[in-house]
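Trainee: Residue numbers (full-length UniProt numbering): 1 to 264.
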Amino acid sequence: MSRPEISVRDLHKSFGDNQVLRGIDLEIGQGEVVCVIGPSGSGKSTLLRCVNLLEEPTKGQVFVGGTEVTDPDVDIDAVRRRIGMVFQQFNLFPHLSVTENLTLPQRRVLKRDKAQAARIAAENLARVGLAEKADAYPASLSGGQQQRVAIARALAMGPEVMLFDEPTSALDPELVGDVLAVMRGLAREGMTMMVVTHEMTFAREVADRVVFMDGGVIVEDGRPDQVIGAPRHERTRHFLSRLLDPAMAEVEEDVPDQGGTGRP
Ligand SMILES: Nc1ncnc2c1ncn2[C@@H]1O[C@H](COP(=O)(O)OP(=O)(O)OP(=O)(O)O)[C@@H](O)[C@H]1O
Ligand SMILES: [Mg+2]
């Protein structure tokens with residue numbers, strides 16, 4: 001692997017008695033795309049949120065670009081500037097135009113002047129294929145277009161890594177493709193990306209690695225053709241079979257478990 005851009009070491013996170021992350025070790029190299037998959041509640045969002053310190057880990061370390069972000073003395077704002085985050089909900093300001101949504105954080109956080117912020121906004125809108133929507137308001141855009149604006153807003157800050165938490169889950173199926181195409185382009189440009197997603201086709205085609213999480217641990221971590229195509233663990237197989245055929249999984253639930261690996 002090239003130099004690790006993201007390093008997670010023995011990461012634990014509890015909410016009260018609820019141990020959500022139970023010792024995560026993960027290295028993501030520069031330019032690498034890692035898709036994180038796993039059942040609801042397995043800790044995928046919590047892991048992403050610990051990487052950019054939206055959550056404070058209970059134990060363990062996180063490094064981004066060689067800086068320990070879990071160091072108590074770290075400049076959190078400086079760390080967050082290096083990490084772009086895209087959520088399921090786009091969180092655009094409805095009363096601001098698309099351009100203003102992109103220039104506001106640049107001016108507030110990076111102290112760029114108006115002209116420079118506008119130029120960088122325009123570049124990044126073009127990058128996501130929405131140059132012509134610069135003066136539109138979010139309400140007039142489709143969900144897929146709003147998500148692409150949210151991606152452009154993150155990119156305008158010049159991040160070293162991008163974290164995506166189910167960026168297409170809130171979208172109508174016909175709008176998913178445009179967002180994934182933008183992400184595919186970013187991957188091709190060499191952006192380091194950590195993507196929580198249920199889009200297995202995207203994971204297979206774009207990810208360098210797929211990480212399967214269950215119960216707050218990484219169960220399996222490998223190339224997509226291995227983890228998705230030939231999973232080694234029963235828990236991974238079970239998850240994938242449910243994802244690919246939810247109706248089948250319901251039938252399966254009625255059948256008593258015949259062994260398997262068992263949960264921790
Ligand atoms: N801020 C919080 N306070 C208390 N509990 C939390 C908090 N955030 C997450 N949890 C709990 O942590 C567990 C894992 O949540 P998380 O959102 O990381 O799962 P996930 O894998 O992203 O699930 P999903 O696929 O549904 O998004 C859940 O039991 C959840 O209730
Ligand atoms: Mg989640």
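Just so it is clear, CB atoms sit at the ideal spot from N, CA and C, and this is done for glycine as well. Values in this document were obtained by computation on a predicted structure and should not be read as measured data.
Are there any heavy atoms of ligand 2 lying less than 7 Å away from the beta-carbon of D221, as far as the coordinates show?
Mentor: As a first step, residue 221 is located in the sequence shown; it is residue number 221 there, counting from the start. No, the beta carbon of D221 sits no closer than 7 Å to any heavy atom of ligand 2.
Trainee: Just how far apart, CA to CA, sit L141 and P72?
Mentor: Translated into positions along the sequence shown, residue 141 becomes position 141. Translated into positions along the sequence shown, residue 72 becomes position 72. Distance between the alpha carbons of L141 and P72 is about 41 Å.
Trainee: Rounded to whole angstroms, what is the Cα-Cα separation between L102 and V210?
Mentor: Locating residue 102 in the sequence shown gives position 102, where the first residue counts as 1. Locating residue 210 in the sequence shown gives position 210, where the first residue counts as 1. In a straight line, the C-alpha of L102 is about 31 Å away from that of V210.
Trainee: Buried or exposed for A117, going by 16 or more other Cβ atoms inside 10 Å?
Mentor: Taking the sequence shown and counting its residues from 1, the one referred to as residue 117 is at position 117. Buried: at least 16 other Cβ atoms inside 10 Å.
Trainee: Any idea what DSSP makes of R204, helix, strand or coil?
Mentor: What you label residue 204 is simply residue 204 of the sequence shown in a count that begins at 1. Of the three classes helix, strand and coil, the one that applies to R204 here is helix, per DSSP.
Trainee: Between which two residues does the alpha helix (DSSP H) carrying L186 extend?
Mentor: In the sequence shown, residue 186 corresponds to position 186, counting from 1. Element bounds for L186: 173-188.
Trainee: Is D165 helix, strand or coil when you go by DSSP?
Mentor: Counting from one through the sequence shown, the residue named residue 165 turns up at place 165. Note: D165 maps to strand in three-state DSSP.
Trainee: In whole angstroms, what is the alpha-carbon distance linking R184 and V206?
Mentor: As a working note, residue 184 is residue 184 in the sequence shown. As a working note, residue 206 is residue 206 in the sequence shown. Rounded to the nearest angstrom, the two C-alpha atoms are 6 Å apart.
Trainee: Whose beta carbon lies closer than 6 Å to any heavy atom of ligand 1, going through the chain in order?
Mentor: Listed by chain position, these are F15, N18, V20, G38, S40, G41, S42, G43, K44, S45, T46.
Trainee: On the DSSP bridge assignment, give the partners of residue 314 in chain order.
Mentor: The chain is shown from 1 up to 264; residue 314 falls before or after that span and cannot be answered.
Trainee: Closer than 7 Å: is that where the CB of D165 sits relative to any heavy atom of ligand 2?
Mentor: Numbered from 1 along the sequence shown, position 165 holds the residue referred to as residue 165. Checking the Cβ of D165 against ligand 2 gives yes.
Trainee: CA-CA distance, T201 and G84?
Mentor: Your numbering for residue 201 matches position 201 in the sequence shown. Your numbering for residue 84 matches position 84 in the sequence shown. If I take the Cα positions, the gap works out to 23 Å.
Trainee: Compare the beta carbon distance of P231 and L243 with 8 Å and say whether it is the shorter of the two.
Mentor: Looking up residue 231 in the sequence shown gives position 231. Looking up residue 243 in the sequence shown gives position 243. No, the pair does not count as a contact, with Cβ atoms beyond the cut-off.
Trainee: Looking at C-beta atoms only, is the number of pairs between the stretch 139-153 and the stretch 114-128 that lie closer than 8 Å three or more?
Mentor: Counting Cβ pairs under 8 Å, three or more are found: they touch.
Trainee: Is A170 near Q89, with beta carbons less than 8 Å apart?
Mentor: Walking along the sequence shown from the start, residue 170 turns up at place 170. Walking along the sequence shown from the start, residue 89 turns up at place 89. Contact: yes.
Trainee: Hey, V227 and K44 are a contact pair by Cβ (cut 8 Å); roughly how many whole angstroms apart?
Mentor: Indexing the sequence shown from 1 puts residue 227 at position 227. Indexing the sequence shown from 1 puts residue 44 at position 44. In fact, because the Cβ distance is near 15 Å, the residues do not count as touching under 8 Å.
Trainee: Apart from the five residues just before and just after P138, which ones in its own chain have a Cβ nearer than 6 Å to its Cβ?
Mentor: Numbered from 1 along the sequence shown, position 138 holds the residue referred to as residue 138. Once the five neighbours on either side are set aside, the close Cβ partners of P138 are L92, P94, Q146.
Trainee: For ligand 2, any of its heavy atoms closer than 7 Å to the Cβ of V227?
Mentor: In the sequence shown, residue 227 corresponds to position 227, counting from 1. No, since every heavy atom of ligand 2 falls outside the 7 Å radius drawn around the Cβ of V227.
Trainee: Below 8 Å between beta carbons: does that hold for Q106 and M157?
Mentor: The sequence position of residue 106 within the sequence shown is 106, counting from 1. The sequence position of residue 157 within the sequence shown is 157, counting from 1. Contact: yes.
Trainee: Going by CA-CA distance only, name the one from D77, V8, H198 that's closest to P173.
Mentor: The count along the sequence shown starts at 1 and reaches residue 173 at position 173. Considering only alpha carbons, the answer is H198.
Trainee: Between which two residues does the alpha helix (DSSP H) containing L47 stretch?
Mentor: For the purposes of this step, residue 47 is taken as residue 47 along the sequence shown, with counting starting at 1. Residues 44-51.
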